[in-house]
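**Q** Dropping the structure in here first, questions after.
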Ligand SMILES: Cc1cc2nc3c(=O)[nH]c(=O)nc-3n(C[C@H](O)[C@H](O)[C@H](O)COP(=O)(O)O)c2cc1C
Ligand code: SF4
Ligand code: SF4
């Protein structure tokens, strides 16, 4: 059987319906289905969140609907759902989608322990994490979800410990400035205590961690903030599973976008803001237990 929807040789740029979702130029055809392989199960059509694929009686294979190119947000579900490797999307062939390895599946007990036992690590060994390891953790975080699949997350890895310390000092300068500028600051007591601790030699910003990982994205992308937070959450869980320790650096976020010397030091692209930061290193000790949390507050209707 012939391929139903042949790839267009020309990649014609079209005006995307959702500029935010589709920042790149697009070819005119969206999917190609190998009629020899397709079993007409309809999973690709069911999986498409935008309803862009139809399986009608009139066609031997699923087809994309009219103007599908304009509504597609490149989520890859159509390729990933197909059990027969029959469907290719203009941006992903089955071979480009990682197989899900059954032998690596984990149960809720393992995932539950990983999520419950991750801790904010504030005591680090005085040794570096290999760059490749950090790269592997970031690669896991790359697969985090984002609104409209806009994938707006960018990373800055401050690998050199001397630079992490410099950033900590700048954060404290930024806090001092905040305290000076705003006498009515609601968290004044907490910030004053932090500054005093710093003046007494305690690294209350990066907690002696050797590395700092910063997630940033375009200020005008409404999904960038949630995407960065989710990606950092993935990163932290992957770090914990690798025996590493991480800690959210709220003080870095708080000052990075408002204290010009720090902003300049970070050198982010124009229009980008810091949307989350995390310390990373080898934990000095392992936790033996999981601390309790508040009772679950949930309403069922
Ligand atoms: C903040 C946020 C909001 C989202 N809102 C919706 C939504 O309203 N409806 C929906 O179908 N999917 C929603 N999604 C899911 C994304 O479209 C999805 O994560 C993305 O297409 C990538 O697909 P994946 O999660 O299967 O990897 C949302 C995701 C995030 C992170
Ligand atoms: S990539 Fe996602 S939105 Fe685009 S056609 Fe496939 S399933 Fe639909
Ligand atoms: S999921 Fe694959 S096999 Fe099923 S209808 Fe779509 S292309 Fe055919």
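Numbering (our numbering), first residue to last: 40 to 340.
A virtual CB, placed ideally from N, CA and C, is assigned to each residue, including glycine.
1) Can you determine whether any heavy atom of ligand 1 sits closer than 7 Å to the C-beta of residue 139, and answer yes or no?
2) In chain order, what residues place their C-beta within less than 7 Å of a heavy atom belonging to ligand 3?
3) Which residues mark the beginning and the end of the beta strand (DSSP E) in which residue 2 is found?
4) Since residue 254 and residue 194 are thought to touch, with beta carbons under 8 Å apart, how far apart are those beta carbons, to the nearest angstrom?
5) Apply the 10 Å Cβ neighbour rule to residue 271 and answer buried if 16 or more other Cβ atoms are within range, or exposed otherwise.
6) DSSP on residue 116, reduced to helix/strand/coil?
7) For residue 111, which residues of its own chain have a beta-carbon under 7 Å away from its beta-carbon, when the five flanking residues on both sides are left out?
8) Which residues mark the beginning and the end of the beta strand (DSSP E) in which residue 312 is found?
9) For the structure I just gave you, are there three or more beta carbon pairs, one from the stretch 239–253 and one from the stretch 190–209, closer than 8 Å?
10) Let me see if you follow: with CB-CB separation under 8 Å, is residue 315 close to chain D or not?
11) Taking 7 Å as the cut-off, is the C-beta of residue 186 nearer than that to any heavy atom in ligand 1?
12) Considering Cα atoms alone, identify which of 298, 106, 330 and 224 is closest to residue 157.
13) Is residue 261 near ligand 1, going by C-beta to nearest heavy atom under 7 Å?
14) Taking 7 Å as the cut-off, is the CB of residue 274 close to at least one heavy atom of ligand 1?
15) Starting from the Cα of residue 205, find the closest Cα among 245, 71 and 309 and give me that residue.
16) So, for residue 210: in the same chain, excluding its five sequence neighbours on each side, which residues have a beta-carbon less than 7 Å away from its beta-carbon?
17) Does the separation of the CB atoms of residue 102 and residue 109 fall below 8 Å?
18) Would you kindly work out how many angstroms separate the C-alpha atoms of residue 326 and residue 202, rounded to a whole number?
19) My output table needs one value for residue 231: the three-state DSSP class, helix, strand or coil.
20) When the Cβ atoms of the stretch 145–160 are set against those of the stretch 275–286, are three or more pairs found closer than 8 Å?
21) Measuring alpha carbon to alpha carbon, tell me which of 82, 138, 305 and 72 ends up nearest residue 207.
22) With 16 other CB atoms within 10 Å as the buried threshold, where does residue 138 fall?
23) Can you list, in chain order, the residues of its chain whose CB lies under 8 Å from that of residue 259, leaving out five sequence neighbours each side?
24) Would the C-beta of residue 133 count as close to ligand 5, meaning under 7 Å from any of its heavy atoms?
**A** In brief:
1) Reading the chain shown from its first residue, position 100 is the one you call residue 139. It does not: the Cβ of residue 139 is nowhere closer than 7 Å to a heavy atom of ligand 1.
2) Residues flagged by the Cβ proximity filter: 72, 76, 77, 78, 79, 80, 81, 82, 83, 84, 94, 100, 101, 120, 121, 122, 123, 125 and 126.
3) Residue 2 lies beyond the residue range present for the chain, which begins at 40 and ends at 340; the question has no answer from this structure.
4) One-based indexing of the chain shown puts residue 254 at position 215. One-based indexing of the chain shown puts residue 194 at position 155. About 6 Å; that satisfies the 8 Å criterion.
5) The sequence position of residue 271 within the chain shown is 232, counting from 1. With 16 or more Cβ atoms within 10 Å of its Cβ, residue 271 is classed as buried.
6) In the chain shown, counting from the first residue as 1, residue 116 sits at position 77. Three-state result, residue 116: helix.
7) To locate residue 111, count along the chain shown from 1; it is residue 72. So the list reads 69, 89 and 91, once near-sequence residues are dropped.
8) As a working mapping, residue 312 is identified with position 273 in the chain shown. Element bounds for residue 312: 311–320.
9) Using a Cβ-Cβ distance cut-off of 8 Å, the stretch 239–253 and the stretch 190–209 are in contact, since at least three pairs of beta carbons, one from each stretch, lie closer than that value.
10) Reference to chain D is not applicable here, since this structure consists of a single protein chain.
11) On the chain shown, residue 186 is found 147 positions in, with the first residue counted as 1. It does: the Cβ of residue 186 is within 7 Å (strictly closer) of some heavy atom of ligand 1.
12) For the purposes of this step, residue 157 is identified with residue 118 of the chain shown, where counting begins at 1. For the residues 298, 106, 330 and 224, the minimum Cα distance to residue 157 belongs to 330.
13) Within the chain shown, the letter at position 222 stands for residue 261. No, the Cβ of residue 261 stays beyond 7 Å of every heavy atom of ligand 1.
14) Within the chain shown, the letter at position 235 stands for residue 274. Because no heavy atom of ligand 1 lies under 7 Å away, the Cβ of residue 274 does not count as near it: no.
15) Indexing the chain shown from 1 puts residue 205 at position 166. Ranking the options by Cα distance to residue 205, first place goes to 245.
16) Indexing the chain shown from 1 puts residue 210 at position 171. Excluding sequence neighbours, residue 210 sits near 244, 290, 291, 294 and 301.
17) Position 63 of the chain shown holds residue 102. Position 70 of the chain shown holds residue 109. No, these two residues do not count as a Cβ contact at 8 Å.
18) Numbered from its first residue, the chain shown carries residue 326 at position 287. Numbered from its first residue, the chain shown carries residue 202 at position 163. Using only the alpha carbons, I get a separation of about 29 Å.
19) Numbered from 1 along the chain shown, position 192 holds the residue referred to as residue 231. Residue state, collapsed to three classes: helix.
20) Three or more Cβ pairs drawn from the stretch 145–160 and the stretch 275–286 lie within less than 8 Å of each other, which places the two stretches in contact.
21) Counting from 1 along the chain shown, the entry for residue 207 is found at position 168. Closest option to residue 207, Cα to Cα, is 305.
22) As a first step, residue 138 is located in the chain shown; it is residue number 99 there, counting from the start. Exposed.
23) To locate residue 259, count along the chain shown from 1; it is residue 220. The answer, listed in chain order, is 310.
24) Summarising the ligand content, the structure contains ligand 1, ligand 2 and ligand 3 and does not contain ligand 5.
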